[in-house]
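Engineer: Below are the structure tokens for one structure; questions will follow.
In my numbering, the protein residues as written are 18 to 231.
See the structure below:
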């Protein structure tokens, strides 16, 4: 098989995988945590064994969907952090970007973070912790790198940046999860309250010499 043929086959496989993920997205938007492999296969117009051939099992499909949505969310968070605005405004914009994303697609959020809510309608034996924890870990590491690149945290700055990165992501996730379920206040009010909590130490830190600034 020559290189051109292999490349064409890879493109075809990548395109088919995107189509299957788009079908899965449609089912998740409709069914949330109750989305099943049977329903996704039906939406895609294929049999369940073919779906397994592409993703292995629900865990494989979940991982692919999680990467798709996490990539998009991280792109949005980076854009908020890079916006030409004062630091406090960018902190609030970053928090709001996360909350707006889970508010806009709550069924997707619940599928990614609470698939065990699916009950009898979903595939059984799915370990939410095994799959959701790496998403939060990845976001924490990404934010830690941003903090390290942009802020002068002095001696031990790399470790402190990781503490802050994972701590901020944990706070956003826990507060957002509670807020999405109970809606005790407006999104703007939650953003301001969380920014107030973070602001003291973030305001005091100087920009890293030669970095892009925070």
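Glycine is no exception: its CB is placed at the ideal position from the N, C-alpha and C atoms.
Quick one: is residue 49 near chain B, going by C-beta distance under 8 angstroms?
Structural biologist: Protein chain content of the structure displayed is limited to a single chain, and chain B is not contained in it.
Engineer: Start and end of the alpha helix (DSSP H) containing residue 284?
Structural biologist: Any property of residue 284 remains undetermined from this structure, which presents the chain solely from 18 to 231.
Engineer: Give the single residue among 41, 105, 67, 155 whose Cα lies nearest to the Cα of residue 90.
Structural biologist: Measuring from the Cα of residue 90, the nearest candidate turns out to be 155.
Engineer: Within 10 Å of its beta-carbon, does residue 111 have 16 or more other beta-carbons around it, so buried, or fewer, so exposed?
Structural biologist: By the neighbour-count rule (16 or more Cβ atoms within 10 Å), residue 111 is buried.
Engineer: How big is the Cα-Cα spacing for residue 103 and residue 231?
Structural biologist: One C-alpha to the other measures close to 9 angstroms.
Engineer: Taking Cβ positions, are residue 167 and residue 224 nearer each other than 8 angstroms?
Structural biologist: Yes, they are a contact pair.
Engineer: Take every Cβ of the segment 69 to 83, pair it with every Cβ of the segment 179 to 190, and state whether three or more of those distances are shorter than 8 angstroms.
Structural biologist: Touching, no.
Engineer: One question on the structure: do residue 119 and residue 193 come within less than 8 angstroms of each other, judged by their Cβ atoms?
Structural biologist: Against a cut-off of 8 angstroms, the Cβ pair of residue 193 and residue 119 comes out as a contact.
Engineer: Near residue 123, what residues of its chain come up, given a Cβ to Cβ distance below 7 angstroms and the 5 sequence neighbours on each side ignored?
Structural biologist: Closer than 7 angstroms at the Cβ level, and outside the excluded window around residue 123, lie 197.
Engineer: At the level of alpha carbons, what is the spacing between residue 215 and residue 85?
Structural biologist: Residue 215 and residue 85: Cα-Cα distance of roughly 29 angstroms.
Engineer: By DSSP, does residue 168 sit in helix, in strand, or in coil?
Structural biologist: Three-state result, residue 168: strand.
Engineer: From the DSSP output, in three-state form, read off residue 227 for me.
Structural biologist: Reduced to three states, the DSSP call for residue 227 is coil.
Engineer: Going by DSSP, what residue range makes up the alpha helix (DSSP H) through residue 255?
Structural biologist: The question about residue 255 has no answer, for the chain in this structure spans 18 to 231.
Engineer: Since residue 50 is in the alpha helix (DSSP H), which residue starts that stretch and which ends it?
Structural biologist: Where residue 50 is concerned, there is no enclosing alpha helix (DSSP H), given that its DSSP letter is neither H nor E.
Engineer: Can you give the Cα-Cα distance for residue 69 and residue 130, rounded to whole angstroms?
Structural biologist: Going by the C-alpha atoms only, they are around 22 angstroms apart.
Engineer: Within the same chain, show all residues whose beta-carbon is closer than 8 angstroms to that of residue 66, passing over the 5 residues directly before and after it, in chain order.
Structural biologist: Once the five neighbours on either side are set aside, residue 66 has no close Cβ partner at all.
Engineer: Leaving out five residues before and five after residue 97 in sequence, what residues of the same chain have Cβ atoms less than 7 angstroms from its Cβ?
Structural biologist: Closer than 7 angstroms at Cβ, skipping near neighbours: 107, 110, 111, 114.
Engineer: I need the straight-line Cα distance from residue 125 to residue 45, nearest angstrom please.
Structural biologist: Straight-line Cα distance between these residues: approximately 6 angstroms.
Engineer: With H, G and I counted as helix, E and B as strand and the rest as coil, what does DSSP make of residue 203?
Structural biologist: If DSSP states are grouped into helix, strand and coil, residue 203 belongs with coil.
Engineer: Going by the beta-carbon positions, is the gap between residue 128 and residue 49 smaller than 8 angstroms?
Structural biologist: Cβ distance < 8 angstroms, so residue 128 and residue 49 count as in contact.
Engineer: Would you identify the three-state DSSP class for residue 64, choosing helix, strand or coil?
Structural biologist: Residue 64: coil per DSSP, three-state reduction.
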